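Worksheet: one structure, shown below.
Number of protein chains: 2
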Amino acid sequence: MYSKELLKGTLRTIVLKLLAEHGTMYGYEITQKTKELTGGKIVLTEGALYPLLHKLEAEGYLVTNTQSIGKRIRKYYELTPEGDEKAISLSNEFADFVQTVIYLLNPSLAPKT
Amino acid sequence: MYSKELLKGTLRTIVLKLLAEHGTMYGYEITQKTKELTGGKIVLTEGALYPLLHKLEAEGYLVTNTQSIGKRIRKYYELTPEGDEKAISLSNEFADFVQTVIYLLNPSLAPKT
DNA sequence: TTTGAATACATAAGAACAATAGGTATTATT
DNA sequence: AATAATACCTATTGTTCTTATGTATTCAAA
Chain A
20 MYSKELLKGT
30 LRTIVLKLLA
40 EHGTMYGYEI
50 TQKTKELTGG
60 KIVLTEGALY
70 PLLHKLEAEG
80 YLVTNTQSIG
90 KRIRKYYELT
100 PEGDEKAISL
110 SNEFADFVQT
120 VIYLLNPSLA
130 PKT
Chain Y
20 MYSKELLKGT
30 LRTIVLKLLA
40 EHGTMYGYEI
50 TQKTKELTGG
60 KIVLTEGALY
70 PLLHKLEAEG
80 YLVTNTQSIG
90 KRIRKYYELT
100 PEGDEKAISL
110 SNEFADFVQT
120 VIYLLNPSLA
130 PKT
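Chains as they are written, first to last, in the working numbering: chain A, 20 to 132; chain Y, 20 to 132.
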């Protein structure tokens, strides 16, 4: 588990990109998939995830589709076209940022040497 | 310039690692060096930097050495042994986190294929 | 020469984000 | 029968950074 601050700017990116990769997902599924894919290194808390999903929906990046599984409900989230664009741009921005920071932290690793 | 959230968990790491690389630095110098090394992509605001430096000092990771340059003062910061360790561990943690997120965002880039 | 930019420190108020902690309810396992 | 897992949710709190503001010196340009 990483120091919690690292996730802060990245959670949106993770959620949108996961949806871009896996299509339709529901909230709990996102937490499980993240835990599984990262070997427990990244664990999304529900207190962070659900409000974020609601926000992304309000911002027009996601649409929902609520289904009943027995007596329990699931809210499936799906990217809108805007969400798809956002997923790509955030992902690219993250990659660019990381490159920049890595260079800053260790200039000897500069590319194009 | 990146979306501001990305920097959130990384500022400590940047500051400590810069000091580890360049030895003694003063606050303003850190902002300039960062701007210079990143081509203006990362700009540290003073409202974030100075309180952080004070905090890192209070936590025992930095020591200061105030010098007078004419009538103006400079507070030089230097890593303690603990600060040196912290710089390394945060830097490693960041690299590990990035690897994990990159894999999560794009599983096709997985290593050891 | 005086005005503005750059240098150099600092703090306070506010926004944004995620963690923690709580809540409800169903289903599966032991 | 009890516990864990599933599945949703919100409120409070802490941390972090931004924005805004303040002080003061030094340098460059008009």
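Don't be surprised by glycine CBs; every beta carbon is placed ideally from N, CA and C. Everything numeric in this text was worked out from a predicted model, so none of it was measured.
Open item on the list: Just checking: is the beta-carbon of I33 (chain A) within a distance shorter than 8 Å of some beta-carbon in chain Y?
Closed with: Position 14 of the first sequence, counting from 1, holds the residue named residue 33 (chain A). It does; some Cβ of chain Y falls within 8 Å.
Open item on the list: If you reduce the DSSP assignment to three classes, tell me which class L81 (chain A) lands in.
Closed with: Looking up residue 81 (chain A) in the first sequence gives position 62. Three-state result, L81 (chain A): strand.
Task: Distance, L30 (chain A) Cα to Y69 (chain A) Cα - done: Here residue 69 (chain A) corresponds to residue number 50 of the first sequence, with the count starting at 1. Here residue 30 (chain A) corresponds to residue number 11 of the first sequence, with the count starting at 1. The straight-line gap from Cα to Cα measures roughly 12 Å.
Open item on the list: Bridge partners for Y95 (chain Y) per DSSP, in chain order?
Closed with: Your numbering for residue 95 (chain Y) matches position 76 in the second sequence. Note: Y95 (chain Y) sits in a beta bridge opposite Y:Y45, Y:N84.
Open item on the list: Within 10 Å of its beta-carbon, does G102 (chain Y) have 16 or more other beta-carbons around it, so buried, or fewer, so exposed?
Closed with: Start at 1 with the first residue of the second sequence, and residue 102 (chain Y) comes out as number 83. G102 (chain Y) should be labelled buried.
Task: Three-state secondary structure (DSSP) of N111 (chain Y) - done: Along the second sequence, one-based indexing puts residue 111 (chain Y) at 92. Correct three-state label for N111 (chain Y): helix.
Task: 6 Å CB neighbourhood of N84 (chain Y) in its chain, flanking five on each side removed - done: Locating residue 84 (chain Y) in the second sequence gives position 65, where the first residue counts as 1. Y95.
Open item on the list: Measuring CB atoms only, is the region 42-56 of chain Y touching the region 38-57 of chain A, in the sense that at least three cross pairs come out at less than 8 Å?
Closed with: no
- [ ] Give the residues of chain Y in contact with I49 (chain A), contact being defined as C-beta atoms less than 7 Å apart.
- [x] Indexing the first sequence from 1 puts residue 49 (chain A) at position 30. Within 7 Å Cβ-Cβ: nothing; I49 (chain A) doesn't reach chain Y, min ~11 Å.
- [ ] Would you mind reading off the limits of the alpha helix (DSSP H) that contains K27 (chain Y)?
- [x] Residue mapping note: residue 27 (chain Y) aligns to position 8 of the second sequence, counting from 1. Unbroken run through K27 (chain Y): none, as it is neither H nor E.
Open item on the list: So with CB distances below 8 Å, who are the chain A contacts of T53 (chain Y)?
Closed with: The sequence position of residue 53 (chain Y) within the second sequence is 34, counting from 1. In chain order: L123.
Open item on the list: If you reduce the DSSP assignment to three classes, tell me which class E89 (chain A) lands in.
Closed with: Numbered from 1 along the first sequence, position 70 holds the residue referred to as residue 89 (chain A). The sequence given here places Gly at residue 89 (chain A); Glu does not occur at that position. DSSP places G89 (chain A) in coil when its eight states are reduced to three.
- [ ] Return the CA-CA distance between M44 (chain A) and E97 (chain A), expressed in angstroms with no decimal places.
- [x] Translated into positions along the first sequence, residue 44 (chain A) becomes position 25. Translated into positions along the first sequence, residue 97 (chain A) becomes position 78. Roughly 7 Å separates the two Cα atoms.
Open item on the list: If we define contact as Cβ-Cβ less than 8 Å, is Y80 (chain A) a contact residue for chain Y?
Closed with: Mapped onto the first sequence, residue 80 (chain A) falls at position 61. Judged by the 8 Å Cβ criterion, Y80 (chain A) is not in contact with chain Y.
Task: Buried versus exposed call for A106 (chain A) [16 or more other C-beta atoms within 10 Å across all chains shown] - done: As a position in the first sequence, residue 106 (chain A) is number 87, starting the count at 1. Result: buried.
TODO: Indicate whether at least one CB of chain A lies closer than 8 Å to the CB of T132 (chain Y).
DONE: On the second sequence, position 113 is the one that residue 132 (chain Y) refers to. Because the pLDDT of T132 (chain Y) is 49, which lies under 50, any placement of that residue in the model is unreliable, and the question is left without a value.
Open item on the list: Suppose you measure from the CA of L75 (chain A) to the CA of L81 (chain A); what does that come to, to the nearest Å?
Closed with: Residue mapping note: residue 75 (chain A) aligns to position 56 of the first sequence, counting from 1. Residue mapping note: residue 81 (chain A) aligns to position 62 of the first sequence, counting from 1. Distance between the alpha carbons of L75 (chain A) and L81 (chain A): 6 Å.
Open item on the list: Would G28 (chain Y) and K27 (chain A) qualify as a contact pair, given that the criterion is a beta-carbon distance under 8 Å?
Closed with: Residue mapping note: residue 28 (chain Y) aligns to position 9 of the second sequence, counting from 1. Residue mapping note: residue 27 (chain A) aligns to position 8 of the first sequence, counting from 1. Closer than 8 Å, so yes.
Open item on the list: If you measure between the beta carbons of I61 (chain A) and T119 (chain Y), is that distance less than 8 Å?
Closed with: Here the question's residue 61 (chain A) lines up with position 42 in the first sequence. Here the question's residue 119 (chain Y) lines up with position 100 in the second sequence. For I61 (chain A) and T119 (chain Y), yes; Cβs fall inside 8 Å.
TODO: Would you tell me roughly how many angstroms separate the C-alpha atoms of I88 (chain A) and L37 (chain A), rounded to the nearest one?
DONE: Here the question's residue 88 (chain A) lines up with position 69 in the first sequence. Here the question's residue 37 (chain A) lines up with position 18 in the first sequence. Straight-line Cα distance between these residues: approximately 23 Å.
Task: Nonlocal neighbours in the same chain, by C-beta distance under 6 Å from F113 (chain Y), ignoring five residues either side - done: Along the second sequence, one-based indexing puts residue 113 (chain Y) at 94. Same-chain partners within the cutoff: T32.
- [ ] Report the rounded CA-to-CA distance for A77 (chain A) versus G42 (chain A), giving the unit in angstroms.
- [x] By 1-based counting over the first sequence, the position of residue 77 (chain A) is 58. By 1-based counting over the first sequence, the position of residue 42 (chain A) is 23. Answer to the nearest angstrom: the Cα atoms are 19 Å apart.
- [ ] Indicate whether at least one CB of chain A lies closer than 8 Å to the CB of E112 (chain Y).
- [x] Counted from its first residue, the second sequence places residue 112 (chain Y) at position 93. Output row for E112 (chain Y): interface = yes.
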